[in-house]
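When you number the sequence shown by my numbering, it's gap-free, plus one each residue, and the end is 278. Each residue gets a CB set at the ideal place from its N, CA and C atoms; glycine is no exception. Note that the structure is a prediction, hence the values are computed from the model and not measured. As structure tokens, the structure follows; a few thoughts come after it.
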Amino acid sequence: MTIFYQGVPGSFSHLAAKKKFGIAASYTNMKTFRDVFMMVKKNPGTYGIIPIENTIAGSVYENYDHLYTYPVHVIDEIFLPVEHHLLAVPTGEEIAKRLKQITKVYSHIKAIEQCANYLEKHTWMEPCVAENTAVAAKHISETKDVHFAAIASKEAATLYNLQILDNNIEDDSSNCTRFLVINSKPQVIQDANKCSLIFQIAHQPGSLVEALKIVAENNINLTKIESRPIKNKPFEYLFYVDFEFSGHDLQSVEHIVRKIQKHTTYCKNLGFYQFSHS
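Shown next as structure tokens:
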């Protein structure tokens with residue numbers, strides 16, 4: 001079983017993938033999220049792991065766009081608690097002195113956003129954007145510059161032989177990222193209780209209300225709605241919705257989805273799957 005993820009070993013996408021598939025799976029890291037989608041499309045039977053939203057930094061808009069563009073389906077979700085640590089090359093000096101030496105802090109933009117309070121407090125540390133948290137850690141390990149640090153996981157510290165200068169520097173201790181598991185084909189998931197849709201509605205008053213009214217009328221829990229601009233159609237949007245349907249059988253929910261489709265000009269069912277409890 002092959003699993004594609006963005007970044008390098010030790011990234012949070014890699015950790016989420018291992019949480020879902022365990023150590024027996026084969027993991028292949030890709031440079032970009034787009035690459036993950038492309039590889040899943042080209043290699044039937046493989047899976048991709050993509051972050052979709054975080055409790056602090058919000059939605060990963062790029063991946064919402066890729067869900068629309070690529071012929072993939074969502075088969076599962078993973079919630080991963082995210083702990084950010086400040087990593088640097090070990091020198092044997094006292095932590096307080098090492099912290100004062102750090103002038104640049106590398107990490108993914110979302111990780112930087114999730115540690116905004118810490119960086120604001122440590123004004124001498126300049127945030128620098130990297131492709132991925134683990135890529136940042138790898139970069140620090142390779143450069144061996146004592147003035148550089150990375151925001152990344154404990155696993156990345158171990159993998160790249162870095163010292164943790166400060167623990168849990170995220171703004172919120174309940175920081176968590178939701179990941180989606182994607183596949184090139186829809187799968188029949190036993191006991192599915194969640195669905196994700198992408199749809200476009202007529203550009204006229206009340207269109208969105210009419211589509212979402214169907215969800216409310218059937219006592220279905222709408223858990224997420226996101227809008228993204230449509231290219232070459234100024235101020236028109238695609239809508240992404242997640243809803244949970246515990247207590248409804250799959251056949252009845254499929255009927256509800258068809259009713260929603262009648263109120264749209266475009267609708268893609270990303271898949272039925274089980275919502276994650278942790």
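For residue j and residue i, believed in contact at Cβ under 8 Å, the rounded distance
i, j, result
"Y61", "Y27", "That belief does not hold up - the Cβ atoms of Y61 and Y27 are roughly 25 Å apart, past 8 Å."
"L238", "R228", "5 Å"
"F87", "A150", "The amino acid occupying residue 87 in the given sequence is Leu; Phe does not appear at that position. Rounded, the Cβ-Cβ distance is 5 Å, consistent with contact."
"I49", "F179", "5 Å"
"D166", "L99", "7 Å"
"N63", "I52", "6 Å"
Coarse secondary structure for residue i, derived from DSSP in three states
i, result
"L15", "helix"
"H85", "strand"
"N219", "coil"
"K262", "coil"
"D242", "strand"
"N67", "Note that residue 67 is Leu in the sequence shown here, rather than Asn. Note: L67 maps to helix in three-state DSSP."
"N43", "coil"
"T158", "helix"
"K224", "strand"
"K268", "strand"
"S207", "helix"
"T177", "strand"
"Q190", "coil"
"I201", "coil"
"E142", "helix"
"K35", "Checking the sequence, you will find Asp at residue 35 rather than Lys. It is helical."
"E53", "strand"
"I78", "strand"
"I256", "helix"
"I95", "helix"
"E282", "With the chain covering only 1 through 278, there is no way to say anything about residue 282."
Identified DSSP bridge partners for residue i
i, result
"H73", "N183"
"P229", "Y237"
"T133", "T133 pairs with nothing; no bridge assigned."
"T2", "S26"
"V105", "P127 and A149"
"Q274", "Beta-bridge pairing links Q274 to no other residue."
"G48", "F4 and I182"
"C115", "Beta-bridge pairing links C115 to no other residue."
"S196", "D242 and G271"
"I164", "L87"
"G58", "N54"
Best match in the options for proximity to residue i [C-alpha to C-alpha]
i, options, result
"I189", "L270, M39 and I50", "L270"
"F37", "G92, W124 and P71", "P71"
"H147", "V129, N161, H73 and M125", "M125"
"K104", "I140, G22 and D76", "I140"
"Q187", "Y160, A17 and Y273", "Y273"
"T265", "E226, E254 and Q200", "Q200"
"F12", "A111, T2 and D65", "A111"
"I225", "D76, V241, G7 and V215", "V241"
"A206", "S59, H263, N54 and D171", "It is worth fixing the name first, because residue 206 is Gly in this sequence and not Ala. Checking every option, the nearest Cα to that of G206 belongs to H263."
"F208", "C176, G247 and Q261", "Here the sequence assigns Leu to residue 208, which means Phe is not the residue at that position. Selected option, being the one with the closest Cα: Q261."
"C128", "E113, Y160, V257 and E155", "E113"
"D145", "S153, A152 and A136", "A136"
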